[in-house]
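Numbering (the numbering used here), first residue to last: 51 to 185.
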């Protein structure tokens, strides 16, 4: 299943909505995946270019997309740089290598490592993952 569509912070990425139930979602997805699950039932489903995090009650808590995702939140998409974020939105926050646009809750990013670059610069590094989460 190719995830495409708009991103709404704290609500959805494409047709995947925060709060949807695991059984219902998985019955609609034909992609192969791996599962990591804790004893209490919290689980992470990893697909080719996206991940789904489910709470112990089976509700979707977080959605993550990476290469191959077609869609955006305003001007933000896979490959956007933090320099572009700063120019378009102003301030951003960084905590534990997760980046957020100041004042926008339910949306965060992880940047690419740029392994081929000796002088990594967070402003120039491209967004590698976009996450929408329950807030």
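For every residue, glycine included, the Cβ atom is placed at its ideal position computed from N, Cα and C. All values derive from a computational prediction rather than experimental measurement.
C-beta contact flag for residue i and residue j at 8 Å
i: residue 138; j: residue 122; result: no
i: residue 116; j: residue 176; result: no
i: residue 155; j: residue 60; result: yes
i: residue 75; j: residue 110; result: yes
i: residue 98; j: residue 81; result: yes
Collapsed DSSP secondary structure at residue i in the structure displayed
i: residue 54; result: strand
i: residue 75; result: helix
i: residue 100; result: strand
Cβ neighbour criterion (16 or more within 10 Å) applied to residue i
i: residue 85; result: exposed
i: residue 54; result: exposed
i: residue 103; result: buried
i: residue 157; result: buried
Contacting residues, own chain, Cβ-Cβ under 7 Å from residue i (five flanking each side not counted)
i: residue 101; result: 94, 95 and 114
i: residue 135; result: 126, 142 and 151
i: residue 105; result: 92 and 111
Own chain partners of residue i with C-beta closer than 6 Å, once the 5 adjacent residues on each side are dropped
i: residue 120; result: 54
Neighbourhood of residue i by C-beta distance below 8 Å, restricted to the same chain and skipping five residues each side
i: residue 161; result: 132, 147, 149, 172, 175, 176, 177 and 178
*3-residue-minimum beta strand (DSSP E) runs that sit fully inside the region 126-169, ordered along the chain*: List check, beta strand (DSSP E) in window: 142-145, 148-151 and 157-161.
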